[in-house]
Amino acid sequence: MNSADLERAWRSPRNSADPAALATARDQLFADLKKRRRARRLFLALVLGALTLLSVRVALATLPRAGGPTIAPERDWASLVFLALPWIGFIMLTRQMLRHERGHQRAGEAIGDTVRALLDENATARAGLRVTAGLHGVTLLLLPLVVAQLRATGKAGDEILWPAFLGWPLIASTILATLWWQDRHRLLPRRRQLEALRRELERAD
Amino acid sequence: MSPAAQHALFAAWLRDHAGLLHRVANAFATGADRDDLMQELLLALWRAVPAFAGASKPSTFIHRVAHNTALTWRRGAATYRRQLDRFATEPLPAPDSPRPGEDEALAAIYAAIRQLPAVDRSLLVLHLDGLGYAAIAEIHGLSENHVGVRLTRLRQRLTQLLQETTDELR
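Sequence order for the protein chains is A and B.
Take the first sequence: its letters are residues 1479 to 1683, numbered as in the numbering used here.
Take the second sequence: its letters are residues 2 to 171, numbered as in the numbering used here.
Okay, here's the thing in structure tokens:
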């Protein structure tokens, strides 16, 4: 096949999209967009719900009640920090999702710029994962203090022991394992793919 | 941009430039992966509509979006699993078997293009689609001279690959 044959085949009407397949793909796209939007809302609602429940539970145990012990930062600080940590994580997660959304606006950029921006985004996402993992680690270290403070002030009794020393460590371990998996199997291979692409782009012939 | 305007522009682009997406999808993937990539291209184009400021021709903008997406696209895990399942249950198709609406010459061209590294593939498809060195350089963020040198070598490489394919078929 010579250059003329190549160009003739390339410009032939057969080298264009099948209208029926394109219509199906377009319909599927809009169905997929709806599904993605619903899944994102559900995910945020679930995380927000779980956080609210956790915060209410800790707040009820910590905040003063009529006739009960009052709140004192020097005595209850561990509970207050524990209460704040998941919300810090949630805010970070939401910011990361918004940043990812904004990334789609880069569509009109040159490919070299996109690759560099995606590498930056990947580095930020990996740093975010490390911070989230760190926050979970801090909650595990903080929990014995929270329990000790709540029991010392009479705000909680033995009923807090199982959820604190079995329930939360199990949940936190699952989350940490998921974060590790995400880093090793998604973000790291993605970084390698983008770095290879950058090398290929910058290759001088 | 209002959703109605986004829909209208997207529909117009698909009507006028669907072939461009088809060629990019074929140059970067085959089988179920190709369908997934086509879906990604449509999604990227849909999301990119509001970013179109009219500074360049729609076709240049769509080329940029499509090649950006194809080059940075990741094959989904679901597709990979699906491929493994199919591999386990179905006989493998002939490597150059044409897709519906695609003759043998086109199948051979796409098979040859897919043998090239990703960036070279993109450069060649843009060139075959009739874009000049300046436009290609702008899309890739490379110098015009760099694009020219690479494309000279790539045209020779493609001809060589196609010759090998033709010889194998004889």
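Glycine is no exception: its CB is placed at the ideal position from the N, C-alpha and C atoms.
Since this is a predicted model, take the numbers as computed values, not measurements.
is_contact[residue i, chain B] using C-beta, thresh 7 Å
i	result
residue 1678/A	yes
residue 1602/A	no
residue 1503/A	yes
residue 1488/A	yes
residue 1575/A	no
residue 1517/A	no
residue 1500/A	yes
Any chain A beta carbon closer than 7 Å to residue i
i	result
residue 31/B	no
residue 82/B	Confidence is the limiting factor: at residue 82/B the pLDDT is only 46, short of 50, which leaves the residue's position unreliable, though a coordinate-based value still follows. So, not an interface residue.
residue 73/B	yes
residue 39/B	yes
residue 141/B	yes
residue 168/B	no
residue 10/B	no
residue 69/B	yes
residue 163/B	yes
residue 117/B	no
residue 90/B	Bear in mind that the predicted position of residue 90/B carries a pLDDT of just 44, short of 50, making it unreliable; the figure below should be weighed with that in mind. So, not an interface residue.
residue 106/B	yes
Simplified DSSP assignment, three categories, for residue i
i	result
residue 1513/A	helix
residue 1480/A	coil
residue 1493/A	coil
residue 54/B	coil
residue 1678/A	helix
residue 2/B	coil
residue 145/B	helix
residue 42/B	helix
residue 89/B	At residue 89/B, the pLDDT of 45 sits below 50, so the modelled position is not reliable; the number obtained from the coordinates is stated separately. Residue 89/B: helix per DSSP, three-state reduction.
Straight-line gap, residue i to residue j (C-alpha atoms, nearest Å)
i	j	result
residue 29/B	residue 116/B	10 Å
residue 1537/A	residue 71/B	49 Å
residue 2/B	residue 55/B	13 Å
residue 1757/A	residue 1609/A	Within the shown structure, residues of chain A are numbered from 1479 to 1683, placing residue 1757/A beyond reach of any answer.
residue 1669/A	residue 1637/A	46 Å
residue 1494/A	residue 1485/A	14 Å
residue 1672/A	residue 156/B	25 Å
residue 1611/A	residue 1571/A	12 Å
residue 1468/A	residue 1630/A	Past the boundaries of the shown model lies residue 1468/A; chain A is included only from 1479 to 1683, so the question cannot be answered.
residue 99/B	residue 1502/A	The predicted position of residue 99/B is uncertain, since its pLDDT is 48 and thus under 50; no value can be drawn from it.
residue 1519/A	residue 1566/A	19 Å
residue 1592/A	residue 69/B	7 Å
residue 1552/A	residue 76/B	53 Å
Beta-carbon separation (whole angstroms), residue i vs residue j, contact threshold 8 Å
i	j	result
residue 1647/A	residue 1618/A	6 Å
residue 119/B	residue 1675/A	7 Å
residue 127/B	residue 140/B	7 Å
residue 52/B	residue 21/B	Not a contact, Cβ separation roughly 18 Å.
residue 110/B	residue 1499/A	About 20 Å separates the two Cβ atoms, so there is no contact after all.
residue 113/B	residue 162/B	4 Å
Within-7 Å CB hit, residue i to chain D
i	result
residue 1557/A	This model lacks chain D altogether; the protein chains it does include are A and B.
Output, in sequence order along the chain, the residues in the stretch 1631-1661 of chain A whose CB is closer than 8 Å to any CB in chain B. When CB distances to chain B are screened at a threshold of 8 Å, not a single residue of the stretch 1631-1661 of chain A falls below it.
Residues in the stretch 16-29 of chain B with C-beta within 7 Å of chain A's C-beta atoms, listed in sequence order? 19, 20, 22, 23, 24
Scan the stretch 1591-1620 of chain A for residues whose Cβ lies nearer than 8 Å to a Cβ of chain B and list them as they occur along the chain. 1591, 1592, 1593, 1596
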